[in-house]
Every structure is written in structure tokens, then in C-alpha cells.
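Chemist:
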Amino acid sequence: MALIGLRRDKPSGPGGLLVGLGGPLLVSAAVTLAAWLMLQGTGGTTNDIVILFGINALMVVGFQAFVGNTGIVSFGHVAFMALGAYAAGIVSVPISMKAVVLPNLPQFLRQTELPIFWSLIVGGAVAALVALGIGLVIMRLSGAAASIATLGLLVIVNNVLNQAHSITRGPQALFGVPQAATFPWVFGSLIAVVLLSSWLKWSGLGLRARSVRDDPIAAEASGVRRLPARLWPFVLSAFITGIGGALYAEDISAFSPNSFFVAQIVGVLVMSIIGGLNSISGSLVGAALISMLAEVLRRLEAGFTIGPIDVHGAVGISEAVFGVALILMLRWRPAGLLGALELEVDPRPRAGS
Amino acid sequence: MTELIQRVVDALSVGSTYALLALGLTLVYSVMNLINFAYGMLLVWTALLAVPLIDSGLPAELVVAICLAFTTLLSIAMGRAAFRPFLTAPPVTLLITSFGVELVLQYGALLFFGENPRILRVPTFLNEVLFIGGVRVPAIELITIATAGIVVLGLYALLNRTFFGMQIRAAAEQPDVARLMGISPARVLTIVFAISGLIAGVVGLLWFAKVGAITPRSDLEPTFKAFISIVLGGLGNTRGAIVGGLTLGALEVGLSAILPPEAIGYTDAIVFLVVILILLLRPRGLIGPGAGL
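Quick note, the sequences are listed as chains A and B, same order.
At position 306 of the first sequence the residue is numbered 306 (our numbering), and the sequence of numbers has no breaks.
Count along the second sequence from 1, then add 353; that gives the number in our numbering.
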């Protein structure tokens, strides 16, 4: 009897959900432990890399929650990231700095200074609300049209952030956001959203979303309505991605609307595809693998020296490598490394296991 | 009245550019459900290639011919190498693959042409402005509208009056039956990518002649406009692409004319909101599928 294994489904019954949540939880705990060990092993010098990895992993989990369950590729998630970052940034800039950074802010916001927990919630909530509003329209469209409409959402959000000077400083950088995204906050949030996303996957919501994804007509004939089946994963996924944006804001502290555009999609997309779009465990594995690869490529871009050999930097090489990785992966293993498999810890023996 | 005619001419010019863009994209979509994210890179490559050719003093006609031939071949190569292995893959896979192709083509452009913007020096007559009864018509707009008309007629003739066209329509409507009738999917794909590339080359030259400067990262705007046009008109049919492109052009020009000055910065957002509202009423686009190619 295998206690730990990779499975496509979760056991039914009251304990089944616990088993379903336990696997991804274990993977996220393992990822957190590995990140912590790396941080300790290098004496804290890798702090920036580790934090950014945690945020990226969280963003991939958010992306997977929608794309995995509905089968619709979304480019709009960068928009949710931007909304989360700006919402959290604006409510967490210290009141003493607001006169300098955002002098034209509406009165109630000028006197708000939220601690990190609440700013993360605000970031996620703003993204989720926008997703709810726009999702009512976009989620009615067919798959391809919906993908393109999410691109439209990105353009709208980018345009508004660039123009709403009094709230966002327009195209100028928003700065002064406290750097509160420390290791416990980032990886604590990661574990929390992994739980949220696994709950979604195994709940009726996730099941209905996947039934619409796999066979819309059969799903409809079984009484599953298409719009809500897609809408709720969209909203939840936007919430997670908004938290990711908020953490990002409180990590880098200064950013502008163009920090969040199409280029930002590349990383998250590659991580999801490599790990497996249909698996939360896979998302985390993909995020870890690609983060390592990205770090190697980043050094390659900067140029380096091995003994007497001086290697010149190759600007843009990492995006090209990601592009090739996407194509090769989709060609030879389109479901990603883990496919739809999740890690599961099942104390009870099951038929066939 | 003159004001109105002026707007209509402007809208027609912008709209016909978008319609052309959308045509190149929708043809490929109709036979393999691919929304090609790399499409804009074809435009960028055409224009980037045109810059040194024009600067070297070659006659404009020759430059256009070389550029169009190059883009057509590039598009065929892209279709063969990157997309043919995915002929039967689900649309999600295709879309993400095309995203990968875009990254690779962009890196290629960065390697060859560098990051800095390049200026496309167009022949002087393109910059002239004609006044017809008080209406201001830049020569480039007139040429754009005329080119769009020619391409649409040519495409119509090709699709409806030739054997190639019949094969493409068959493959778009009934891929399995077409295959049984001896129409090779690979061959249809090559033809479709060739036409798509040719159209991309034409729009690429027109687009960047108007914009002026090109960088390897200039592909997103034309790609977005093409995407929105085909969704607005209805995915996978030529009439939808034309209607979608013209509607998008009319929306942009119309909104920038009627919006108050303080809202003008939000034009892009409002255009997209209107597009999304139209889709709410007609989720399958203005023309909708089932109209045939």
C-alpha cells in the first residue's frame, strides 16, 4: 500500500477532502522548507530571489485555479496583479508620506494606513471585485474569444492606471510602499492560497468548472450552468493573483503601471505549462524549476567569466529560452510534468493502490 | 458636414488597417483554430527588414517586393516548423505555442536589429496631404484604404474562384471530409500561412510607415487590434474580420471625437469597454460563425 502517491482524484467521503487538501499542502510545505533552507544556507544573501520565487509560486497557483479548471488561457491575470499591487500599495503607504507621494488622494484613503495582512486582503478583494464585474461578460464567450477578452481587460486596467493620476500617480512610479513582504508573510500566504485553491479544485465549484471545460454540452444537459461554473473560479483566481500583486508591491516598494504588462505573463505561463496546468502540485514544481532556470539565464544575460573566458551577455535570451521551452513542452508533453496528478497522502488502502 | 466626412475618412483609414490585420489572422484561425500571438512579429520583421533596404537606396517597389516575399516565407516557415505538429491540438495548446513562437521571433529580431527604435524612412509622396473639398486626406491613408480594397477583392476571388480557395474553404468547414476528399491538411496550411504572411507584410509596411519608428517589441499593438477585431466581428470568417476591423476603427475615431477633453486619455479603456458590451449582446461576434469563410 502506497501511503504517498500521485493521483488524479481524491477519495470520496468525509475524510476525502482532507486527503485532497493534504497533498498540495505537503508540497507547499516542502517548497517553503526548501526555500528556508536555501535562505539559511546562503546566510540571507539570496533573500530577494527566495521572496520573488514565493510570490511567483503564489501567482502560478492563482493562474492555475482559473486556467486549470476552465481551460481558458487568461492574459488578464497580469491586470489582477496590477490591481492588487496598486490597491495594496495605496492603502499601505504611511500617512506621513501620503502628502508627498499621493497628495490628491480622496480624503478617506489619505488617512488610511493598513498593516500588511489587511493590505493583502484589500489587494485580493479589489482584484476579485473587478473579476466579478467583468467576468459576468467575458465568461459568456467561447474559449478563444474569452482569452482575447481577458487581453482587453489588461489593456483597460493598464490604461486606467496610467491615467488616474490622483490615485495612482499615473505613469510615474508609485513609491513609498513599506517593504513588509517578509519570508513568513510570503510563504504563509502561499500555503494559504494552496489550501484555498485545492478546496476549489475538489469542491462542487471546481467539478462543475471542469465538466464545462471537458464537455460543455453534456455539462449543460446535466444541469450545470456555464456562466457561474466559469465565473467563480475566475473570481477566486483573481483574488489569489491580487494577493500576489499585493505581495509584489510590498516586496519591490516602487512600481509603475507598465511594470504589469504582457512581459509579466511569460514567467507565470511557462511555470504553469511546465508543471502541468491541471495540477496544483505541478504548479509549485513548475515554479521551482523555472525559477532556478531563470536565475541561471539571468546570470547569462549579465555576462560572466569562467577563468580566462569572458562570456558576453545575451540580452533577452531568457525569454527566447522560455519560448522554446513552451513549444517543446507542448509538443512532447502537453499536459506538463504532472498532468492532472496531485500528490496525495492516503492513510486508507484503496482498490488498485 | 465637412467635419463629419473628415471623421468618416479617418475611421475608414484606421478601420481598413484593422480589417487587413484581422483578415490575415482569421484565415489561419478558420483552418486550425489558432489565434496566432506571433502574428504581430511578422509585421515587425517586415518593417525592420525594410529599414536597411530603404536606407541602402534601393527603389521603393523593389523594397516592397523583397519585404513581402520575405514575410510570406517567414510565415510559411513558422507554420511548418511551429504549428504543423500541433494540427489537431486543442486551441489552448495552440494559443500558448504561438506565445512561445512570438518570444522566439522577438529574440531573433533583438539579435539582428538590436533594442533601439529604428526609423522607417518612407518615400516623400507618402507624407503628402491632399485636400479634397476641405477634407484633409493624408496620402498614406488613401493608399491604406485602396490597398485594403484590393486585398479584400483579391482574397475574395482567391477563396471563391480558385481551386486553392475551394480547398481552404473545405478544410475550414469540414476538415475531416476535406481530408477524405484528398485535400492535404499540410498543403492547405502552407497556403493559408502564405496568404496570412503576405497580408501581414502589406499591413506591416503600411502600419509602420504611419507610425514611423519600430522596435522588436512593437508587435503587441497590431496583434491586440487584430485580436479585438476578429472577436468583435466573429472568429474564423472573412466577413467578420472586415466588419470587426471597420467597427473597431469607427469606434476609436468616433470616441476620440465625442469624448470630452478630460476623458480623452481613457479612450483605449472606453473602446474596449464598448467592445465588451457589444460582445455581451452578441457573444459570437457581429457576424458570427456559420457564415462560411
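We put the beta carbon where it would ideally sit given N, CA and C, even for glycine.
Does the beta carbon of T600/B sit closer than 8 Å to a beta carbon anywhere in chain A?
Modeler: Chain A, which has no Cβ nearer than 8 Å to the Cβ of T600/B, makes this no.
Chemist: Can you pull the chain D neighbours of Q520/B, defined as C-beta to C-beta under 9 Å?
Modeler: Structure shown: chain D not included; protein chains present are A and B.
Chemist: Step through the CB atoms of chain A and report whether any lies within less than 8 Å of the CB of V381/B.
Modeler: No - not a single Cβ of chain A is within 8 Å of the one on V381/B.
Chemist: Can you list the alpha helix (DSSP H) stretches of 4 or more residues lying completely in the stretch 119-186 of chain A, in chain order?
Modeler: Here the runs fully enclosed are 143-163, 165-168.
Chemist: For G352/A, which residues of its own chain have a beta-carbon under 8 Å away from its beta-carbon, when the five flanking residues on both sides are left out?
Modeler: Here the model assigns G352/A a pLDDT of 49, short of 50, so the residue's position is not dependable and the matter cannot be decided.
Chemist: Start and end of the beta strand (DSSP E) containing E344/A?
Modeler: Note, E344/A: beta strand (DSSP E), 342-345.
Chemist: Beta-carbon within less than 8 Å of I191/A's beta-carbon, same chain only, minus the 5 sequence neighbours each way: which residues are those?
Modeler: L25, S28, A29, T32.
Chemist: Please report how far the alpha carbon of D621/B lies from the alpha carbon of P613/B, in whole angstroms.
Modeler: Taking the straight line joining both Cα atoms gives about 14 Å.
Chemist: Could you compute how far the alpha carbon of G152/A sits from the alpha carbon of F625/B?
Modeler: Cα-Cα distance, rounded: 6 Å.
Chemist: What's the call for V490/B, buried or exposed, on a 16-neighbour Cβ count within 10 Å?
Modeler: When all chains shown are included, V490/B counts as buried.
Chemist: Alpha carbon to alpha carbon, how far is I358/B from L365/B?
Modeler: Cα-Cα distance, rounded: 10 Å.
Chemist: Counting only beta-carbon atoms, is F322/A nearer than 8 Å to chain B?
Modeler: Yes, F322/A lies at the interface with chain B (some Cβ there is under 8 Å from its Cβ).
Chemist: Please list the terminal residues of the continuous beta strand (DSSP E) segment that includes L7/A.
Modeler: Reading off the sequence, residue 7/A comes out as Arg, not Leu. Note, R7/A: beta strand (DSSP E), 4-7.
Chemist: Looking at the structure shown, is L483/B part of a helix, part of a strand, or coil, going by DSSP?
Modeler: L483/B falls in the strand class under three-state DSSP.
Chemist: With a threshold of 8 Å on Cβ separation, who are the neighbours of I55/A within its own chain once the five nearest residues in sequence on each side are excluded?
Modeler: Excluding residues within five positions, the ones whose Cβ falls inside 8 Å are A181, V186, G244, L247, Y248, D251.
Chemist: Using CA coordinates, which residue listed in F465/B, I629/B, I496/B is at the minimum distance from W560/B?
Modeler: Comparing Cα-Cα distances from W560/B to each of F465/B, I629/B, I496/B, the minimum goes to I496/B.
Chemist: Name, going along the chain, the residues of the stretch 130-150 of chain A whose beta-carbon falls closer than 8 Å to a beta-carbon of chain B.
Modeler: Listed by position along the chain: I134, V137, I138, R140, L141, S142, G143, A144, A145, S147, I148, A149.
Chemist: So, with DSSP's three-state summary, where would you put P115/A?
Modeler: In the structure shown, P115/A sits in coil (DSSP, three-state: anything other than H, G, I, E or B).
Chemist: Give me the Cα-Cα distance between A287/A and L608/B, rounded to the nearest whole angstrom.
Modeler: One C-alpha to the other measures close to 43 Å.
Chemist: Is it right to say W390/A is buried, meaning 16 or more other beta carbons lie within 10 angstroms of its own, or is it exposed?
Modeler: Since the first residue of chain A shown is 1 and the last is 353, residue 390/A is not available in this structure.
Chemist: Using the beta-carbon of each residue, which ones in chain A are nearer than 7 Å to L512/B?
Modeler: What L512/B touches in chain A: nothing, since even the nearest Cβ is about 22 Å away.
Chemist: Note down, in chain order, each residue of its chain lying with its Cβ closer than 6 Å to the Cβ of Q520/B, except the 5 sequence neighbours on either side.
Modeler: Here the set comprises I536, V541.
Chemist: List, in chain order, every chain A residue whose beta-carbon is nearer than 7 Å to that of A435/B.
Modeler: I327, listed in chain order.
Chemist: Applying the 10 Å Cβ sphere with the 16-neighbour rule, what's the burial state of L227/A?
Modeler: Result: exposed.
Chemist: Quick one: is D408/B near chain A, going by C-beta distance under 8 Å?
Modeler: Answer no: the Cβ-Cβ gap between D408/B and chain A never drops below 8 Å.
Chemist: List the residues of chain A whose Cβ lies closer than 7 Å to the Cβ of L573/B, in chain order.
Modeler: Those within 7 Å of L573/B in chain A are V262.
Chemist: With a CB to CB cut of under 7 Å and the five nearest residues on each side skipped, what residues in its chain are close to Q179/A?
Modeler: Within the same chain, Q179/A has close Cβ partners E250, D251, S253.
Chemist: Considering P491/B, what are the terminal residues of the beta strand (DSSP E) in which it resides?
Modeler: Element bounds for P491/B: 488-491.
Chemist: List, in order along the chain, the chain A residues whose C-beta lies closer than 7 Å to that of E526/B?
Modeler: Chain A residues near E526/B: none, gap ~17 Å exceeds 7 Å.
Chemist: Compare the C-beta of P438/B with all C-beta atoms of chain A and state if any pair is closer than 8 Å.
Modeler: Yes, contact with chain A.
Chemist: Apart from the five residues just before and just after L132/A, which ones in its own chain have a Cβ nearer than 7 Å to its Cβ?
Modeler: Counting only Cβ-Cβ distances below 7 Å, and skipping sequence neighbours, we find V235.
Chemist: Is there a Cβ from chain A that is less than 8 Å from the Cβ of P647/B?
Modeler: The structure shown does not extend to residue 647/B, since chain B spans only 354 to 646, so no value can be given for it.
Chemist: For the 8 Å Cβ check, are there 3 or more pairs between the stretch 368-387 of chain B and the stretch 497-516 of chain B?
Modeler: At 8 Å Cβ cutoff, the stretches touch.
Chemist: Do L639/B and V596/B have their C-beta atoms within less than 8 Å of each other?
Modeler: Yes, they are a contact pair.
Chemist: Quick one: is P334/A near chain B, going by C-beta distance under 8 Å?
Modeler: Yes - at least one Cβ of chain B is within 8 Å of the one on P334/A.
Chemist: Looking at chain B, which residues of the stretch 154-169 of chain A have a Cβ within less than 7 Å of any of its Cβ atoms?
Modeler: Correct list: V155, I156, N159, V160, Q163.
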